[in-house]
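Novice: Residue numbers (numbering that gives the first Met the number 0): 0 to 436.
C-beta atoms are modelled at their ideal positions from N, C-alpha and C, and glycine is treated no differently.
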Amino acid sequence: MNYSAVAVQNAPVGDSQSVERTRAGSQRGPHLLPFIAMLSSLVLVLAVWHTPQSLFSDPSWQLKALQQHLAGQSPTINTLVQPDPQDLSQDHLEWISWWPIGTNVLVYPLLRMGLSIGSAVRVLAALGLILGSVGFGYWVRIFRLPQWLAIALALGIPWIRYANLSLFQYAAEGLVFGICPWLLVGAFRLRSRWTDQHNENFLWLAGFGVLLGLAYWLKYSAVFISAGVLAHLAITAWKLRSRRSFFELAVLSGVFTGLIGILNVLNHLMGAAMNALTEHPTLVLDWHLPFNIVGLMAMSMADADGLARYILFHPGRNLLPFNYLTLCYLGLPGGFMLFWLLTHRHSNPALLLSRDVLLTVSALFVAIMTVFSARAMEARYIAAIGIALIPAVLDSAFHLAAASTIHCSLQRTQGPPSPNWQEALIPILRSGISPNL
0 MNYSAVAVQN
10 APVGDSQSVE
20 RTRAGSQRGP
30 HLLPFIAMLS
40 SLVLVLAVWH
50 TPQSLFSDPS
60 WQLKALQQHL
70 AGQSPTINTL
80 VQPDPQDLSQ
90 DHLEWISWWP
100 IGTNVLVYPL
110 LRMGLSIGSA
120 VRVLAALGLI
130 LGSVGFGYWV
140 RIFRLPQWLA
150 IALALGIPWI
160 RYANLSLFQY
170 AAEGLVFGIC
180 PWLLVGAFRL
190 RSRWTDQHNE
200 NFLWLAGFGV
210 LLGLAYWLKY
220 SAVFISAGVL
230 AHLAITAWKL
240 RSRRSFFELA
250 VLSGVFTGLI
260 GILNVLNHLM
270 GAAMNALTEH
280 PTLVLDWHLP
290 FNIVGLMAMS
300 MADADGLARY
310 ILFHPGRNLL
320 PFNYLTLCYL
330 GLPGGFMLFW
340 LLTHRHSNPA
350 LLLSRDVLLT
360 VSALFVAIMT
370 VFSARAMEAR
380 YIAAIGIALI
390 PAVLDSAFHL
400 AAASTIHCSL
410 QRTQGPPSPN
420 WQEALIPILR
430 SGISPNL
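(1) Is F371 helix, strand or coil when you go by DSSP?
(2) Which term fits F201, buried or exposed, when burial requires 16 or more other beta carbons within 10 angstroms of its beta carbon?
(3) Below 6 Å CB to CB, which residues in the same chain sit around V228 once its five sequence neighbours on both sides are set aside?
(4) Do L331 and L319 count as a contact pair if the criterion is CB distance below 9 Å?
(5) Identify the residues that DSSP records as bridge partners of W94: which are they?
(6) Determine the DSSP secondary structure at S220, reduced to helix, strand or coil.
(7) Let me confirm a value: M112 is counted as buried when at least 16 other C-beta atoms fall within 10 Å, else exposed. Which label applies?
(8) Quick check on this structure: which residue in R160, H231, A151 has the alpha carbon closest to the alpha carbon of W193?
(9) Compare the Cα-Cα distances from L351 to each of S191, S40, N103, H279 and report the closest residue.
(10) Per DSSP, which one or two residues make a beta bridge with L54?
(11) Suppose the cutoff is 8 Å on Cβ atoms and the five residues either side in sequence are ignored; what does the same chain contact list for D394 look like?
(12) Apply the 10 Å Cβ neighbour rule to P51 and answer buried if 16 or more other Cβ atoms are within range, or exposed otherwise.
(13) Specify, as a first and last residue, the run of the alpha helix (DSSP H) that I150 falls within.
(14) Using DSSP bridges, identify the partner residues of P280.
(15) What residues in its chain sit with their C-beta under 8 Å from that of L105, if we drop five residues either side in the sequence?
(16) L69 by DSSP, collapsed to three states: which one?
(17) What first and last residue would you give for the alpha helix (DSSP H) that runs through P84?
(18) Since P108 is in the alpha helix (DSSP H), which residue starts that stretch and which ends it?
(19) From L38 to V133, what distance separates their C-alpha atoms?
(20) Do G294 and F255 have their C-beta atoms closer together than 9 Å?
(21) Are the CB atoms of S118 and L130 nearer to each other than 9 Å?
(22) Counting along the chain, where does the alpha helix (DSSP H) carrying I292 start and finish?
(23) Candidates H398, V370, F364: which alpha carbon is nearest A382's?
(24) Determine the direct distance from the alpha carbon of D304 to that of Y328, and round the result to whole angstroms.
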């Protein structure tokens, strides 16, 4: 007797999102993967603790302003004092708006505690790595992955180049890695509450809205992730047609918009542009941009970008002259596969969230690169969301492969399948692949 065929015939196709979420929550230990990820990140932090700390060029200007403020030379933690080019005997004070103030705000209390700049940014980078790793542990457990693969991801994600790069050369990307998974996990939680018709606590909503807005304070481009989260929640609220979900979405959006507005107004009041985009706007129409982001997204997912840079553009034996577009084109095959896997028809809420964030981030990246003159196709700008897409891609690939196998088996035993064969296979895939962590 073909038990698979019987299961397909009798399988109810109801609220697949709720059932999927219930399985993900009940069959996986809630803290195992985050604990593994935390241990992995701690091992890495301890292993490199005595490695000299360096700075990327961007935060060096900000930290110089902070150093000047602590020495009494600058009125604020974000005002850089330089010689006036018109009169070198006078100082020129400039409020930094090219980069957001987040790094200065976080480093300032560490310097007040007596740490050096190098030690302070090392502590900040370590905290970003550990918090981000724990968050990615929670993010991975949402997906329907084999146990060995979920554990491998929890162990391996902290060791990805753009996850731990700030331990060696500090940049704000380390902070984005630290906050990104929590934005995604928070969005998944809120969506789950909505689909279960449960009201969310107002304080939690306000806190999550602050977290969404805080991403903008850490790095301007991190707001793409927040926008992707809000886009997904807006789509979900529209489908549910629930007044409560629209109200909670409005609260989130209001707090998020308010925090962005506060920083923009602060920059403007201090005599600078509101952000880097408004400081150097332009319009460059380039039909290559959509293809560039497709390739760049694949290169940002793990260490493909770093490996390609090392092999092709090594300073001592470069095979090619450095060009960002070369890296984008190398990633095109993987990028097309990534977009196909995540835009394929899904019922898993985690995959729907990943899809909406991917499409939103990609669209915003293309839009900003069209109107921003100081642009560079660097994987580091979207590395955190690229890392977050790894479990989503693996989940989609595993289940598409399993669906294809079962489909072929049913064809051999029962002949041509019904038009809704993919929906009928959902219960089998849930019961056959969900791990027990």
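Specialist: In this structure, then:
(1) It is a strand residue.
(2) Label assigned to F201: exposed.
(3) Closer than 6 Å at the Cβ level, and outside the excluded window around V228, lie L182, A186.
(4) One thing to note: L319 has its Cβ no nearer than 9 Å to the Cβ of L331.
(5) T78, per the DSSP bridge assignment.
(6) Three-state result, S220: helix.
(7) Burial call: exposed.
(8) The shortest C-alpha separation from W193 is found at H231.
(9) In terms of CA proximity to L351, S191 leads the group S191, S40, N103, H279.
(10) Answer is Y169.
(11) If we look at D394 and ignore the five residues flanking it on each side, its Cβ neighbours are F142, R143, L144, N347, A349, L350.
(12) Answer is exposed; the Cβ neighbour count stays below 16.
(13) Secondary structure note for I150: its alpha helix (DSSP H) is the uninterrupted segment 146-155.
(14) F371, per the DSSP bridge assignment.
(15) Excluding residues within five positions, the ones whose Cβ falls inside 8 Å are L123, L174.
(16) DSSP places L69 in helix when its eight states are reduced to three.
(17) Unbroken run through P84: none, as it is neither H nor E.
(18) That run of the alpha helix (DSSP H) goes 101-111.
(19) Approximately 9 Å between the Cα atoms of the pair.
(20) Not a contact, by the Cβ cut-off of 9 Å.
(21) No, these two residues do not count as a Cβ contact at 9 Å.
(22) Where I292 is concerned, the enclosing alpha helix (DSSP H) stretches over 288-298.
(23) Put simply, of H398, V370, F364 the residue whose alpha carbon is nearest the alpha carbon of A382 is F364.
(24) Answer to the nearest angstrom: the Cα atoms are 11 Å apart.
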